[in-house]
Each structure stands twice: as structure tokens, then as C-alpha cells.
Amino acid sequence: MTGKATKGSLKKWMGLALTMVMGVSLLAGCSSASNQESEGSASGSGERVTLKVEVFDRGNSPSPYTITNNYLSKLIQERFGDPNNIDIQFVPIQRSEEVTKLNVLMASNTDVPDIVFVYDSSVFYRYAEQGGLTDVGELIDQYGPNLKKFLGEDTLKFGQLEGQQFAVPGKRAITGRYSSYIRQDWLDKLGLPVPKTTDELYTTLKAFKEKDPGGLGSKNIPMGMALAPAQFETLIYSFIKPISGDLTYAQRYELPLHEGFKDAMKFMNKLYNEGLISKDFSLDEDKAQLVKDVQNGNIGYWSEDVDAIFYADGTLDNLLKNTQGSKVLPVDAYTNANVDNKHIKSRYGSNGMYIMIPKSSKRSVEAIKYLDWMASENNLIDIYSGVEGENYDLVDGIPVVKEDASQEAKDRLFNAGDTAIISNGKNIGDQATNEKAWVMGFPQNNQEMLKQSIDIANTDTVGPIIFDKPIQAEMKYSTALKDKLNVIIVKTAMAKPEEFDAVYEREMNDFMSLGGTELKKELDQAVQELAAK
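Numbering (mature numbering (1 follows the signal peptide of the UniProt record, and there is no 0)), first residue to last: -33 to -1, 1 to 500.
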């Protein structure tokens, strides 16, 4: 594990160094643009203009399409571009190099698209602080009524910096994040009830180990674990105390700064030393071994992303096929003593990507009009779902993918998710409607269990605090602290029980010296300032 972490850290530090260098260039490139006023909408005067829009290039364009010339690019040109005297030009950026490439484009000042986006909040804040972005608040008020209604005030806040709207946040359709599962057939064989608390879960795991209901011998894994968020976050959140109400810090590497984190690590240490969790979890950062063990019927209890096991020919289907008589039940067993024994778990913020208009753009009005068009009428559905009768059928007002859709029809939507930038997932209504639509896109035999998983994922959740300014220490120390969190989890879990306190103290001291102290101080101050407003 240590070797992998070192190699990964080197790559991340190299990337960070390049980002810092490009940040200097960005500041220089935007200095002359900071005083440049938008020329507004030239299309209204009869002059045909070009609106350049970033698009992710994942290298998956089916013939005869390209990433810049395809069914959706033509649809957008015909429905939005031509009626508004605008030529839409899509500018491809490889998904794997998005920040590096965008830094270069932002620094160029002239080659940068009129609409750009990132998922990384620290990149958004850096661009905004350096004067590289257009304040779109008044533009949204004037040209984006549908966009404003679609996003809502809570989502728009994610794109604000000290009261100015420097980004249009995409809206996340589904905010539920994690669920947990147990082998019902194992419980039945042992005559055990479904565990409803952390203590009951521990008792159940002990029984799984000692009585081996699957008859697996050395392959028996009472609780599946991987060094991945869906597995360790569910455990940790059941111990930590939220910062305020149902809100907590946004970044995963800030978990060690919460009250109760040590208790979470101590419980994981207990599980590991008693042989109740996957022995080699520290080597399984991509969850490949966890998935394999679940599919082979070796695991009694595990946590996962809410949708992960339900895809066609996926984890659940393969488990049921590989292990005769196996039954799976979604469960909400973890309880948090710091929060009235509620089933605390994290939820996603309501935002998706950060959509930005560079300060140098002369097409800010057209850009907002484009996003507003996307949020109006049925345009999002047409982008995401295609043609009724060919790509989907309407069932209770919800577009449901046709199982017998032709390959040609399927290919037209290869980049739908990357084109519908204002929506992270299929936003067709309120949260309940979005969830219903999501479920209907899965194999019918898995839909009922997915509904149960979503209900669990939405129970007793805590979401990210939205600060109105960036946390500088996050941008400065995030890479080191992300790596250190994994180290803390692994080393404290694997420590001998009598050595746990010493190992935990040593690793936490290292965490704080790597930037944790400065981060905690800044977060504490930001929380106090937010409470005073």
C-alpha cells in the first residue's frame, strides 16, 4: 500500500506544481481582461456570432459521429443556434486532462471557450479570485429566468464567491449516496434478525465469522471492506458529529477534524483484528476485489454506492447467478451515538460541475441564453433521452429507455451526459420524480431493491457546508491530506489493539503537521463567520 501511495502522491504533486505554474499564467492572462466589459448580445443586431462551448472528449465517439459533429450538436444548432443567429462551436477537451488543458486555454485569453467547466471547486475559486471569470448574477436575472428557476437558490450558492455569482453550478438530480447490504440467506440460516444498530451489526458479524453460514471456510468475509469512500465513509459517518445541524465539512480529507473520528478508527481496528473485514482491504482502492468477493458469495455485509450493484449483469445479478439460494437485503444498520443514534450518512451537495464564463469572453449574454434554453421546455429531456418512440417511451410522464432501441438510436446519445451540462444526472422534475426515473432505467428485477437502497441513502443524511469564500488551506494542502487520510485508515486499522492509541496519535500529528492545523483553524473561523451572518 505504501508503495502505491508514494507513486500516486508523486503524480499528484507534479500535477499540483503544473497547476500552480498555470495559475500564475492565468492571472497574467486575465489582468487585461478584468477591465473589459462584455459586448453583450451581437446576435440581436443581426450580426451572426460564434459561441464556443467546452465539451469533454472521452474518445468514445461512434461512427459516423465526432465529438464536435454529432446528433446533439446538430440538434442544438438547429433549435438554439439558428433561431438566435449563433453558430455553436464545441471545443473538445480530454476528460483526463481537463484542468491542465483548461489552465492553458484560460491563460491564452483568446483561445478559451465562452463556456467552460470543472468539477473541482478549488479550480473554480482560483479562477474567480484571480479575476478570470465573469460575474453572471445580473446576466442570469436578465437572460436566464428558466435557468434560475431550474437551479434554485440553494444550488446557485455553490457558484458564489463573497456574494458574486462567478459560476453556474450544474444541478445534481440524485443526492443520495450510499447504502449497505446483508446476506438475508445467511441471517435465515443462523436464525438471526436484521441488525438495526451498530452493536447489533457487530454481533451479527461475529456470528457470520464463527458459524460460517455460507460454508466458505477461509474465504468467509463477514464484512466487505475496501480503501474506497463508499466503504470507509459509511462507517466513519456513523461515528462523527456533524459541524452544525445536518451540515459538515465538504472534503473527504477533513473527516479527521470531526469529533468522533478516533472512535470510528478504533471500531475499524476492532473489526480488522477480529478478522471481521476484508484482510487485504488496503490494497483494494478500486474496489475490484470487493466486487469479486461479493459476486462470488464470500461477503456477508458490505456498503456501496447506492446504485452500484444493480446494473444489468452487474454485482447483484452475478451474485445470484454464482451462489445458489443467495438473497440480499438493503439495510441501514450503522447508528451514530453522537447524533441520537440516527443512521447518519453523507449526501451529495445539490451541485454538479461549475460552469463558468471567462472574463475575456465577448459572448456572455449568448452563453447565459444557451444555458437558459437548455433549462426550458423539453430540451433537457431531448438531450438526455433522445427521440420518443425510438430511444424511449413515456411511462407516467417519465422517459423510459427502450430495451429494443436500435444501435443507431443509442449512438446518437453517446455524449448526452456531457452535453447537458446544467444537469448532473437526469433532472426531469423534483427529487422523487428524478429517483423514480432513475430506478426505471435499471433491470426490472432489480428495481424494487434499488428503491429500498435509495430510501436508505436518503435517511438521516448530512450535506456540505457552503462557504461564501474559498478555504485557502484546502487548495494548499488537499493533495497531501487526501493521501494521509488513507494512511491513517490503514495504519490505525492494522495496528495491534494495545498499540492503537499510539499509532493514532502519531498519524494524526503527522496529518496536522501536513496542513491539518492550518486547515482546522481556517475552517473554524469560516464556520464562526457564517454563523454570525
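In this text, a Cβ means the ideal position worked out from N, Cα and C, and glycines have one as well.
For clarity, every value in this text was computed on a predicted model and none was experimentally measured.
Check	Outcome
contact_flag[the region 367 to 378, the region 347 to 359] where n(CB pairs < 8 Å) is 3 or more	yes
Reduced DSSP secondary structure (H/G/I, E/B, other) of Asp427	coil
Minimum Cβ-Cβ distance from Lys41 to chain B less than 8 Å	Chain labels in this structure do not include chain B; a single protein chain is all it has.
Buried or exposed by the 16-neighbour rule on C-beta atoms within 10 Å, applied to Arg330	buried
Neighbourhood of Gln151 by C-beta distance below 6 Å, restricted to the same chain and skipping five residues each side	Lys294, Leu296
Terminal residues of the alpha helix (DSSP H) in which Tyr471 lies	467 to 478
Cβ-based neighbour list, Gly(-11), same chain, cut-off 8 Å, excluding 5 preceding and 5 following	Summary for Gly(-11): the model assigns pLDDT 46, below 50, so the residue's position carries little reliability; its value from the coordinates is reported in the next sentence. Asn70, Arg93, Gln97.
Test item: CB-CB of Lys309 and Thr201 under 8 Å	no
Buried versus exposed, by CB contacts within 10 Å (16 or more), Arg314	buried
Simplified DSSP assignment, three categories, for Val454	helix
Candidates Ile203, Asp422, Val494, Pro189, of which the one nearest Ile149 by Cα	Pro189
Cβ separation of Gly227 and Asn305, assumed to be a contact under 8 Å, to the nearest whole Å	5 Å
Under 8 Å between C-beta atoms of Gly482 and Lys449	no
Beta-carbon gap between Leu214 and Ile389 smaller than 8 Å	no
Which of helix, strand or coil DSSP assigns to Val16	strand
Bounding residues of the beta strand (DSSP E) (the contiguous stretch that carries Arg150)	145 to 150
Residue interval of the alpha helix (DSSP H) (run including Ser40)	38 to 43
Alpha-carbon spacing of Ser5 relative to Ala195, whole angstroms	Summary for Ser5: the model assigns pLDDT 42, below 50, so the residue's position carries little reliability; its value from the coordinates is reported in the next sentence. If you take the alpha carbons of Ser5 and Ala195, they lie about 45 Å apart.
Contacts around Val(-13), its chain only, beta-carbon distance under 8 Å, and the 5 residues preceding and following it disregarded	With a pLDDT of 41 at Val(-13), under the threshold of 50, the modelled position of this residue cannot be trusted, and the question is left open.
For Leu296, the three-state DSSP class (helix, strand or coil)	strand
From Ile82, Tyr86, Tyr32, Thr35, residue whose alpha carbon lies closest to that of Gly316	Tyr86
Span separating the alpha-carbon of Ala383 from that of Glu474	44 Å
Every unbroken beta strand (DSSP E) inside the region 321 to 375 [3 residues or more]	359 to 362, 365 to 368
The ligand GDP heavy atom lying under 7 Å from the CB of Tyr278	Among the components modelled here there is no ligand, and therefore nothing to report on the ligand GDP.
Start-to-end residues for the alpha helix (DSSP H) that takes in Glu167	165 to 178
Sufficient close CB pairs (3 or more, under 8 Å) joining the region 263 to 270 to the region 181 to 188	yes
Bridge partners - Trp269, DSSP secondary structure assignment	Tyr148
Endpoints, the beta strand (DSSP E) within which Ile438 is located	Where Ile438 is concerned, there is no enclosing beta strand (DSSP E), given that its DSSP letter is neither H nor E.
Integer-rounded CB distance, given that Lys237 should sit under 8 Å from Tyr471	Actually they are not in contact, since the Cβ atoms of Tyr471 and Lys237 sit about 13 Å apart, beyond 8 Å.
Beta-carbon proximity check, Ser327 vs Val83, cutoff 8 Å	no
Cβ neighbours of Ser89 in the same chain (closer than 8 Å, five flanking residues each side left out)	Pro437, Glu441, Met442, Ser445
Which of helix, strand or coil DSSP assigns to Ala(-1)	Only weak support exists for where Ala(-1) lies, its pLDDT of 36 falling under 50; the coordinates are left without a value.
Own chain residues within Cβ distance below 6 Å of Ile244, not counting five before or after	Met190, Met192, Leu238
Same chain, Cβ closer than 6 Å to Thr164, five either side skipped, listed in chain order	Thr302
Residues near Lys369 by beta carbon distance below 7 Å, same chain, minus five either side	Asn358, Tyr359, Asp360
Environment of Ser40 [buried if 16+ CB atoms lie within 10 Å]	buried
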